[in-house]
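Student:
Numbering (the working numbering), first residue to last: 4 to 490.
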C-alpha cells in the first residue's frame, strides 16, 4: 500500500508541471533553457475560473505593469474630466500695469503642462494689463515640497544627462521636466540655429556649437544638459544636416519652468525686475489670481501613461494621489506609492483573495512608474486588479481605452503576430534592463464568443543571465496565440 501511495504521490506532484508545460510550452522552454523566473495567469471573466497558470503567486519585478495599478487608482480618485490647475498670483496691477510684488507660479503636480501653456499663461497676464513685475518670479515647490532622490537614473541626472527620461519630480514642471530644443541647419559650415521649442532663445547658457551640413545629409551630434551649483547649461558638438527636436531633462523643473515663464514674459513686453527662484512654501494667501491654466483631463493622462508608459507622468500622478488622500505631505515617492499597494490589496479582497501578512514575498510598490526594481507583484495580483476593474462600470471604459491593441501598437515589435494576437488582445507592457532583465505584459483577451479573459505574464531574467525583450515577448505571444486558438 505504501508503494502505491508513493507512486500516486509522484503522479500528483508531476501533474502541475505537466499541465504548465501544456498550457505554457514556450514559457516553460524559456524557464528551462534560460533559468527565467516566470509568473503567469489567464482568467476567464465569464466563468470565473483560471484557464492557465504558471506560478501565479510568485512575486517578481513587474517593471511598468505597475502603471495598471496607478491608472486604476487615478480613475478611482478623480472623474475622467478632472483637470489640474497652474496659477499665477501676485498683487493687483496698478493703473500702469505694474505688479508691485513677486509673481508666484503654483501648481498641483500637473504632468501635462507644455511649453505652449507657458506662452498662454504669459499671454493671459498681458491680457490682464500687466506690463511689469517689480519682484521675482517665484515657483512654489509646494505642495510636494523637496523630494528625496530615490531612482538611480534621476540621482545621476542631477549633475548631467543626455536623455529626457530622468527628470526629477516637482509640483510645477513643463514638457515632462525637460528642456525642449529645436535645431535647424544653416549654410554648411555655419553653426546650426538653436532655440527653445516655444520659439524663443534658450533661457540657459549654451556651450559649444553644432555645425551645419549639406541640407538633408546625416550628421553626428551630441547634446548634454549639465548643472553646476544648481544652474543648468547645454553643452554640444558635432554636426547636423536636417531639422531636429531634442529633449533633455532639467535638473530642477520648478526653476526651469520659472525661467521659461520669464522668457515668455519678456517676449511679450512684460519686464521682470527681479530674479527667478524656487520656494518650498506656498504662495501667500493674500495674493490675487492673475492668470491660470487647466491641464489635460485625467482620462487623457491615464490613456497616455498606459499607451506610452511615460514615467514622469506616472510618478507625478502617484504624488498627486498622495496629496489628495493623505493629510500630511509625503517626502518620498515610495511613501506615496503605499496608496497603490493599498489599492491592489483592496482589489484582491474584492475578487475573493486574501492578503496574507505571513507571506515571505509580500506586495512591494515603491513607485507607480515601475522604475524602482524593488517592486514585487505576481500574475495573480495583476489579474485580481484586472478582474476588479472589469466590474467598475463607471470607469472601466476609460481604463480599457488606455490599453494597446497590438495591431495598433506604437512599437513595431508588438505588432508582430497572428490575427488573434493583433486583434483580440489589449495590453500594457513593462520592461527593465537592470539589475535584472524584466519583461511583462497584462491586460484583456477577447474570446471568440465575445466574452473576456484577463491575463498577466511576468518574466524576470536570472542574475547575470539577461533575457532580451524580444525573446520574452516571442514566448508570451506564442503561448497567448495558442490559448486564443482554443477560446
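Yeah, the Cβ is synthetic: ideal placement off N, Cα and C, and Gly gets one too.
For residue 177, tell me which candidate among 346, 260 and 432 has the shortest Cα-Cα distance.
Tutor: 260
Student: With DSSP run on the structure shown, which of helix, strand or coil describes residue 15?
Tutor: Because the pLDDT of residue 15 is 43, which lies under 50, any placement of that residue in the model is unreliable, and the number read from its coordinates should be weighed accordingly. Three-state result, residue 15: helix.
Student: Is residue 144 closer than 8 Å to residue 370 when the C-beta atoms are compared?
Tutor: no
Student: Using a Cβ-Cβ cut-off of 7 Å (strictly less than) and excluding sequence neighbours within five positions of residue 405, which residues of its own chain qualify?
Tutor: 74, 305, 306, 309 and 310
Student: Is residue 42 closer than 8 Å to residue 59 when the C-beta atoms are compared?
Tutor: yes
Student: Between the segment 161-178 and the segment 283-294, do at least 3 Cβ pairs fall closer than 8 Å?
Tutor: no
Student: Would you mind working out which of 454, 242, 432 and 452 sits nearest residue 461, comparing C-alpha positions?
Tutor: 432
Student: Using DSSP with H/G/I as helix, E/B as strand and the rest coil, what is residue 135?
Tutor: strand
Student: In angstroms, rounded to a whole number, what distance separates the CA positions of residue 473 and residue 414?
Tutor: Roughly 12 Å separates the two Cα atoms.
Student: Going by beta carbon distance, what residues of the same chain come within less than 8 Å of residue 119, once the five residues before and after it are set aside?
Tutor: 201
Student: Under 8 Å: do the segment 442-460 and the segment 374-392 share three or more Cβ pairs, one atom per stretch?
Tutor: With a cut-off of 8 Å, the segment 374-392 and the segment 442-460 count as touching, because enough Cβ pairs lie within range.
Student: Which term fits residue 352, buried or exposed, when burial requires 16 or more other beta carbons within 10 angstroms of its beta carbon?
Tutor: Its Cβ having fewer than 16 others within 10 Å, residue 352 is exposed.
Student: Quick one: is residue 226 buried, meaning 16 or more other Cβ sit within 10 Å of its Cβ, or exposed?
Tutor: buried
Student: Helix, strand or coil: how does DSSP classify residue 175 here?
Tutor: coil
Student: Is it true that the CB of residue 62 sits closer than 8 Å to the CB of residue 445?
Tutor: Not closer than 8 Å, so no.
Student: Measuring straight from C-alpha to C-alpha, what distance separates residue 396 and residue 156?
Tutor: 38 Å
Student: What residue does the alpha helix (DSSP H) around residue 121 start on, and which one ends it?
Tutor: 118-130
Student: For the 8 Å Cβ check, are there 3 or more pairs between the segment 201-217 and the segment 225-241?
Tutor: Cβ pair count under 8 Å is three or more, so yes.
Student: Taking the alpha carbon of residue 488 as the reference point, which residue from 468, 467, 452 and 464 has its own alpha carbon closest?
Tutor: 452
Student: Specify the secondary structure class of residue 255 as computed by DSSP and reduced to three states.
Tutor: Residue 255 falls in the coil class under three-state DSSP.
Student: So is residue 231 buried or exposed if we call it buried at 16+ other beta carbons inside 10 Å?
Tutor: Here residue 231 is exposed. Its C-beta has fewer than 16 other C-beta atoms within 10 Å.
Student: When the Cα atoms are used, what is the spatial distance from residue 303 to residue 71?
Tutor: 15 Å
Student: What does the alpha-carbon distance come out to for the pair residue 7 and residue 341?
Tutor: Note that residue 7 scores a pLDDT of 47, beneath 50, so its modelled location is shaky; the value from the coordinates is reported in the next line. Whole-angstrom Cα-Cα distance: 50 Å.
Student: Just verifying my parser: in three-state terms, what is the DSSP assignment at residue 205?
Tutor: coil
Student: Give the list of continuous alpha helix (DSSP H) stretches no shorter than 4 residues that lie fully inside the segment 419-487.
Tutor: 422-426
Student: For residue 243, report the span of its beta strand (DSSP E) as first-last.
Tutor: It spans 234-243 - the beta strand (DSSP E) in which residue 243 sits, taken as one unbroken run.
Student: Is residue 377 closer than 8 Å to residue 366 when the C-beta atoms are compared?
Tutor: no
Student: Along the beta strand (DSSP E) that carries residue 511, what are the first and last residues, could you check?
Tutor: Residue 511 lies beyond the stretch modelled for the chain, which goes from 4 to 490, so this question has no answer here.
Student: Please classify residue 541 as buried or exposed, where buried requires at least 16 other C-beta atoms within 10 Å of its C-beta.
Tutor: What the structure shows of the chain is the stretch from 4 to 490, and residue 541 is not part of that stretch, so it cannot be assessed.
Student: Is it the case that the Cβ atoms of residue 273 and residue 134 are separated by a distance below 8 Å?
Tutor: yes
Student: Quick one: is residue 34 buried, meaning 16 or more other Cβ sit within 10 Å of its Cβ, or exposed?
Tutor: buried
Student: In the DSSP assignment, what residue or residues form a beta bridge with residue 211?
Tutor: Bridge partners of residue 211 according to DSSP: 239.
Student: For the beta strand (DSSP E) containing residue 351, name the first residue and the last one.
Tutor: Element bounds for residue 351: not the beta strand (DSSP E) but the alpha helix (DSSP H), 341-353.
Student: Enumerate, from N- to C-terminal direction, the unbroken beta strand (DSSP E) stretches of 3 or more residues contained entirely within the segment 10-88.
Tutor: 40-47 and 52-57
Student: Please state whether the Cβ-Cβ distance between residue 336 and residue 316 is less than 8 Å.
Tutor: Their beta carbons are not under 8 Å apart, which means residue 336 does not touch residue 316 by this criterion.
Student: In this structure, does DSSP put residue 305 in helix, strand or coil?
Tutor: helix
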